[in-house]
Amino acid sequence: GAVVSQHPSRVICKSGTSVKIECRSLDFQATTMFWYRQFPKQSLMLMATSNEGSKATYEQGVEKDKFLINHASLTLSTLTVTSAHPEDSSFYICSAGVVEGGGPQHFGDGTRLSIL
Amino acid sequence: GENVEQHPSTLSVQEGDSAVIKCTYSDSASNYFPWYKQELGKRPQLIIDIRSNVGEKKDQRIAVTLNKTAKHFSLHITETQPEDSAVYFCAGDRGSYIPTFGRGTSLIVHP
Numbered sequence: 001g002a003v004v005s006q007h008p009s010r011v012i013c014k015s016g017t018s019v020k021i022e023c024r025s026l027d028f029q030a031t032t033m034f035w036y037r038q039f040p041k042q043s044l045m046l047m048a049t050s051n052e053g054s055k056a057t058y059e060q061g062v063e064k065d066k067f068l069i070n071h072a073s074l075t076l077s078t079l080t081v082t083s084a085h086p087e088d089s090s091f092y093i094c095s096a097g098v099v100e101g102g103g104p105q106h107f108g109d110g111t112r113l114s115i116l
Numbered sequence: 001g002e003n004v005e006q007h008p009s010t011l012s013v014q015e016g017d018s019a020v021i022k023c024t025y026s027d028s029a030s031n032y033f034p035w036y037k038q039e040l041g042k043r044p045q046l047i048i049d050i051r052s053n054v055g056e057k058k059d060q061r062i063a064v065t066l067n068k069t070a071k072h073f074s075l076h077i078t079e080t081q082p083e084d085s086a087v088y089f090c091a092g093d094r095g096s097y098i099p100t101f102g103r104g105t106s107l108i109v110h111p
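Here the protein sequences line up with chains W and E, keeping their order. Using the working numbering, the letters of the first sequence map in sequence onto residues 1 to 116. Using the working numbering, the letters of the second sequence map in sequence onto residues 1 to 111.
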């Protein structure tokens, strides 16, 4: 089945650091990937839709200059949390899958980000 | 845009009982409805899905029913086991196939 790889799985860093998270589709091409943020015991909150070769589409309330998304190839999307602060600490998870016609999303393992 | 409501937020059952989780959606253009299971600290995984041209789908102990007229769909788990304990999310698409997730149901199966 489709596999999505996400790295790193855990990041602990100081306030002000920028953190890059990678999301790769290992055995299929993904023109669209999604980035979510999940707080403890809460649902997946869609942050942005990452489109290969074009700008990401951000959800309302998500700062595009804070959360930089790059989707340079059909198998890789990156999320960079710029100048991270403690309030950015969260579980970030990506997904990829068939978009046209509707289909299941395949999720990465997620990244637990802790900003000290 | 799509709005997906999921109930209950917590469901506690005894092993062997059935569990039912319900979701409603707002966008009549939605046509794909998956259910995901997320164990603590792990990725969500698809357990079953249904498309708008089908009213019911079953896979062993798991079934999903869809009522397009009423715009609701439900997950049914029979003969629950402790390993079914997890958070379950329903999702609908927003017509543009962008998934919108429900708030999740924490299912606890007591042995």
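Even for Gly, the Cβ is constructed at its ideal location relative to N, Cα and C.
Residues of chain W with a Cβ closer than 9 Å to the Cβ of Arg61 of chain E do not exist; the shortest Cβ-Cβ separation is about 19 Å. Burial state of Arg24 of chain W is buried, judged by a 10 Å Cβ sphere holding 16 or more other Cβ atoms. Taking a Cβ-Cβ cut-off of 7 Å, the neighbours of Leu46 of chain E in chain W comprise Pro104, given in sequence order. Within the region 49–65 of chain W, the residues whose Cβ lies closer than 9 Å to some Cβ of chain E are Thr49 and Thr57, listed in chain order. For Val19 of chain W, the closest alpha carbon among the candidates W:Tyr92, W:Thr80 and W:His71 is that of W:Thr80. Of the other Cβ atoms in all chains shown, 16 or more fall within 10 Å of the Cβ of Ile115 of chain W; this residue is therefore buried. Around the beta carbon of Ile12 of chain W, fewer than 16 other beta carbons sit within 10 angstroms, so the residue counts as exposed. For Pro34 of chain E, the nearest CB of chain W lies under 7 Å from its own CB, placing it at the interface with that chain. Going by DSSP, Lys41 of chain W is part of no beta strand (DSSP E) at all; its letter is neither H nor E.
Taking Ala19 of chain E as reference, the option from E:Pro82, E:Asp93, E:Gly104 and E:Leu75 with the minimal CA-CA separation is E:Leu75. A distance below 7 Å separates the beta carbons of Gly102 of chain W and Asn31 of chain E. Nearest to Val87 of chain E by alpha-carbon distance, out of E:Gln60, E:Thr24 and E:Phe101, is E:Phe101. For Phe67 of chain W, the nearest beta carbon of chain E is not closer than 7 Å to its own beta carbon. Distance from the CA of Lys22 of chain E to the CA of Gly110 of chain W, rounded to the nearest whole angstrom, comes to 26 Å. Bounds of the beta strand (DSSP E) holding Asn67 of chain E are Ile62 to Asn67. No Cβ-Cβ contact shorter than 7 Å links His71 of chain W with Ala2 of chain W. The three-state reading of DSSP puts Asp84 of chain E in helix, counting H, G and I together.
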